[in-house]
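See below for the structure under consideration.
In the working numbering, the protein residues as written are 905 to 1059.
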């Protein structure tokens, strides 16, 4: 059971169902930036009959009412975080494995906001800064893979 209770959803036209509670709890217990597939696997460990389509529907309904933040991490699958766990600061996303790391803002969002205004743009919903790179683990494994091939031959 999550220490973050699922808010009353009736004012949004939704009921507080056991399925919504399970998805909500997984987002809080397992940390932010999970894919729908990861959420499904975690729930299915306890409830084998839990349908993947249900996970997608629940995530969409929680996103629509502002309780879940959806993040498209490049070419990979969308990742989800409970809105209370999402701080809206700059993020590093590994282009290989999809891991997401929030970095301390250090004024970057403010500077980009100022830059946006200098070009005549106005942000209505805030500015997301996402940097795609390779995490240390994936960078090491890609180096060791390339070391194994020299002149078209595998060592």
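Backbone N, C-alpha and C fix where the C-beta goes; we use that ideal spot for every residue, glycine too.
| Asked | Found |
| --- | --- |
| I need the boundaries of the alpha helix (DSSP H) containing residue 920, first residue and last residue. | It is not in any alpha helix (DSSP H) - residue 920 carries neither H nor E in the DSSP assignment. |
| Only counting the same chain, and skipping five residues up and downstream in sequence, which positions put a Cβ closer than 8 angstroms to that of residue 960? | 940 |
| May I have the straight-line CA-CA distance separating residue 1056 from residue 1039, to the nearest angstrom? | Residue placement at residue 1056 is poorly supported in this model, since its pLDDT is 46, which falls under 50; the coordinates are not used for a value here. |
| Less than 9 angstroms between the beta carbons of residue 947 and residue 930, yes or no? | yes |
| Looking only at its chain, what residues have a beta carbon closer than 6 angstroms to the beta carbon of residue 1000, apart from the 5 residues adjacent to it on each side? | 1038 and 1042 |
| Exposed or buried, which one is residue 951 when buried takes at least 16 other CB atoms within 10 Å? | exposed |
| Quick check on DSSP: helix, strand or coil for residue 984? | strand |
| Please return the same chain residues whose Cβ sits closer than 6 angstroms to the Cβ of residue 980, not counting the five positions on each side in sequence. | 1002 |
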